[in-house]
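All remarks here apply to the structure that follows.
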Amino acid sequence: RDGPKLLADAKAGTTPPAHYAETKPEELWACTTCAACVEACPVTIEHIDKIVDMRRHLTLMEGSAPPEAQRAMTNIERAGNPWGEARETRGDWAKDLDVPTFAERPDAEYLYFVGCAASYDRRNQKVARALVQVLRAAGVSFAILASEETCNGDPARRIGNEYLWQTQAQQNIETLKKYGVRKVIASCPHCFNTIANEYPQLGGNYEVIHALQLVDRLIADGRLKMGRGMAEAVAYHDPCYLGRHNGVYDQPRAVLDAIPGVQRVEIEPHNRERGFCCGAGGGRMWMEEKVGQRVNHRRIEQLLVLNSGATKVASGCPFCLIMLEEGVGAKGVQEQIKPVDVLELVAGRIEN
934 RDGPKLLADA KAGTTPPAHY AETKPEELWA CTTCAACVEA CPVTIEHIDK
984 IVDMRRHLTL MEGSAPPEAQ RAMTNIERAG NPWGEARETR GDWAKDLDVP
1034 TFAERPDAEY LYFVGCAASY DRRNQKVARA LVQVLRAAGV SFAILASEET
1084 CNGDPARRIG NEYLWQTQAQ QNIETLKKYG VRKVIASCPH CFNTIANEYP
1134 QLGGNYEVIH ALQLVDRLIA DGRLKMGRGM AEAVAYHDPC YLGRHNGVYD
1184 QPRAVLDAIP GVQRVEIEPH NRERGFCCGA GGGRMWMEEK VGQRVNHRRI
1234 EQLLVLNSGA TKVASGCPFC LIMLEEGVGA KGVQEQIKPV DVLELVAGRI
1284 EN
């Protein structure tokens, strides 16, 4: 509403009223950097860059980031992950799977960059294990870094701590350089986006692929075959950092369509380019909701209103999975809809 007036004032050289220039800190911290505003803007203004710039001032110059966000940054600085879990346990999720590290298998074709969520969050560890099953079934050569991996830096950068982002990114880049890594698989869109689009700013250039893009390719090449299972309707939730930020809309849907028995459901009109955020991006995963309704609760309401018959909602992002599960629990609809990762559906249908 104020946009046209601001543009007219700027063109006329008129100083706008003071309230136009006033942005409250709570409004800055409420942003999930989902890019819906950029998608809706008729002149594609990059709002996110400006918001992160202002957050950077609040964080680095004023030290006024929300306390819970500051705790996450302290944990990243101290332990290499927002949860503050021990670095040496980062690869424990794979101990019984005999997954090689790059130190053990330096000739591996791909690095599976696991990310903090799949390394430490028990629910998302199941997704990492599902990806290992899928990669092995397709004969993909891969290895992990385990305790040598650290946070990709996305939460720090979105919260406004540019220095911490650079230290985390540089540490990963040096590790990847040590092993001569050229190809990277990421099951987390935030890891995918950061390594693919932001690490090049620091000299880290790799061929980065999201796990669902790779699975789509493996299915198309005939390297991954799935057996039939129970018929079920599955709604697909577009992760913001996979969809709007990187334009990956079709491959996850193609994977779902390739699973025998699965009927894909679209959450219209809140899908694809107009998908609705889960609420965890922009560092919001580690901040309390203080403005308006919880975003993930609103997303679950949209699913229920759709009344599509879908018994599962699938995504390709660990943060979306966490937020959707919390939303389902808060709404008390666990018997109606179950959040899953697409990789779990694929792993459950692989032919023996």
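Take the sequence shown: its letters are residues 934 to 1285, numbered as in the numbering used here. Cβ atoms here follow ideal geometry from the backbone N, Cα and C, with glycine treated the same way.
Buried versus exposed, by CB contacts within 10 Å (16 or more), residue 1122: Within the sequence shown, residue 1122 is the residue found at index 189, counting from 1. When all chains shown are included, residue 1122 counts as buried.
Residue 1028 in three-state terms, based on DSSP: Stepping through the sequence shown from its first residue, residue 1028 is reached at position 95. Residue 1028 falls in the helix class under three-state DSSP.
Beta-ladder partner(s) of residue 1197, from DSSP: For this step, residue 1197 is matched to residue 264 along the sequence shown. In the DSSP output, where bridge partners are listed per residue, residue 1197 has 1167.
Alpha-carbon to alpha-carbon, residue 1031 and residue 1267: Position 334 of the sequence shown holds residue 1267. Position 98 of the sequence shown holds residue 1031. The straight-line gap from Cα to Cα measures roughly 34 Å.
Cβ-Cβ separation, residue 1045 to residue 1118 (assumed contact under 8 Å), whole Å: On the sequence shown, position 185 is the one that residue 1118 refers to. On the sequence shown, position 112 is the one that residue 1045 refers to. Going by Cβ atoms, the distance from residue 1118 to residue 1045 rounds to 5 Å, so yes, they are a contact pair.
Member of 1003, 1105, 996 whose CA lies at the smallest distance from the CA of residue 1221: If you number the sequence shown from 1, residue 1221 lands on position 288. Relative to the Cα of residue 1221, the nearest Cα in the group 1003, 1105, 996 belongs to 1003.
Reduced DSSP secondary structure (H/G/I, E/B, other) of residue 1125: Numbered from 1 along the sequence shown, position 192 holds the residue referred to as residue 1125. Reduced to three states, the DSSP call for residue 1125 is helix.
Pairwise C-alpha distance: residue 1195 and residue 1164: Position 231 of the sequence shown, counting from 1, holds the residue named residue 1164. Position 262 of the sequence shown, counting from 1, holds the residue named residue 1195. Between residue 1164 and residue 1195, the C-alpha separation is close to 6 Å.
Classification of residue 1218 by the beta-carbon crowding that lies within 10 angstroms, buried from 16 upward: Residue mapping note: residue 1218 aligns to position 285 of the sequence shown, counting from 1. Buried, by the Cβ-count rule.
Cβ-based neighbour list, residue 974, same chain, cut-off 6 Å, excluding 5 preceding and 5 following: The residue given as residue 974 occupies position 41 in the sequence shown. There are no such residues.
Cut-off 6 Å between Cβ atoms - residues of its own chain near residue 1162, not counting five sequence neighbours on either side: The residue given as residue 1162 occupies position 229 in the sequence shown. Correct list, in chain order: 1194, 1282.
Residue 1101 beta carbon less than 8 Å from that of residue 1124: Taking the first residue of the sequence shown as 1, we reach residue 1124 at position 191. Taking the first residue of the sequence shown as 1, we reach residue 1101 at position 168. No, these two residues do not count as a Cβ contact at 8 Å.
Pairwise C-alpha distance: residue 1235 and residue 1202: Indexing the sequence shown from 1 puts residue 1202 at position 269. Indexing the sequence shown from 1 puts residue 1235 at position 302. Computed Cα separation, rounded: 10 Å.
Neighbourhood of residue 1135 by C-beta, 8 Å cutoff - its chain only, sequence neighbours within 5 removed: Looking up residue 1135 in the sequence shown gives position 202. By the criterion of a C-beta distance shorter than 8 Å, residue 1135 is surrounded in its chain by 1099, 1102, 1103, 1106, once the five residues flanking it on both sides are discounted.
Beta-bridge partners of residue 1076, as assigned by DSSP: Within the sequence shown, residue 1076 is the residue found at index 143, counting from 1. In DSSP, residue 1076 forms a bridge with 1044.
Run of the alpha helix (DSSP H) containing residue 1187, from where it starts to where it stops: In the sequence shown, counting from the first residue as 1, residue 1187 sits at position 254. Where residue 1187 is concerned, the enclosing alpha helix (DSSP H) stretches over 1183–1191.
Residue of 965, 992, 994 minimising C-alpha distance to residue 980: Position 47 of the sequence shown holds residue 980. Checking every option, the nearest Cα to that of residue 980 belongs to 965.
Start-to-end residues for the beta strand (DSSP E) that takes in residue 1247: Translated into the one-based positions of the sequence shown, residue 1247 becomes position 314. Residues 1245–1248.
Residue 1236 at chain D interface by Cβ criterion, 8 Å: Judged by its chain identifiers, the structure shown contains no chain D, having just a single protein chain.
Contact belief for residue 1276 with residue 1120 at Cβ below 8 Å, rounded distance in angstroms: As a first step, residue 1276 must be located in the sequence shown, where it is residue number 343. As a first step, residue 1120 must be located in the sequence shown, where it is residue number 187. About 7 Å separates the two Cβ atoms, so the contact holds.
Option nearest residue 1252 by Cα separation, candidates 1200, 1171, 1280: Stepping through the sequence shown from its first residue, residue 1252 is reached at position 319. When each option's Cα is compared against that of residue 1252, the closest is 1171.
Sequence-distant residues of its chain with Cβ nearer than 7 Å to residue 1260 (five each side left out): Walking along the sequence shown from the start, residue 1260 turns up at place 327. Result list for residue 1260: 1229, 1230, 1232, 1233, in chain order.
Residue from 1110, 1151, 1155 with nearest C-alpha to residue 1133: Start at 1 with the first residue of the sequence shown, and residue 1133 comes out as number 200. For the residues 1110, 1151, 1155, the minimum Cα distance to residue 1133 belongs to 1110.
Backbone CA spacing between residue 988 and residue 1126 [nearest angstrom]: As a working mapping, residue 988 is identified with position 55 in the sequence shown. As a working mapping, residue 1126 is identified with position 193 in the sequence shown. Taken atom to atom, the span from the alpha-carbon of residue 988 to that of residue 1126 is near 20 Å.
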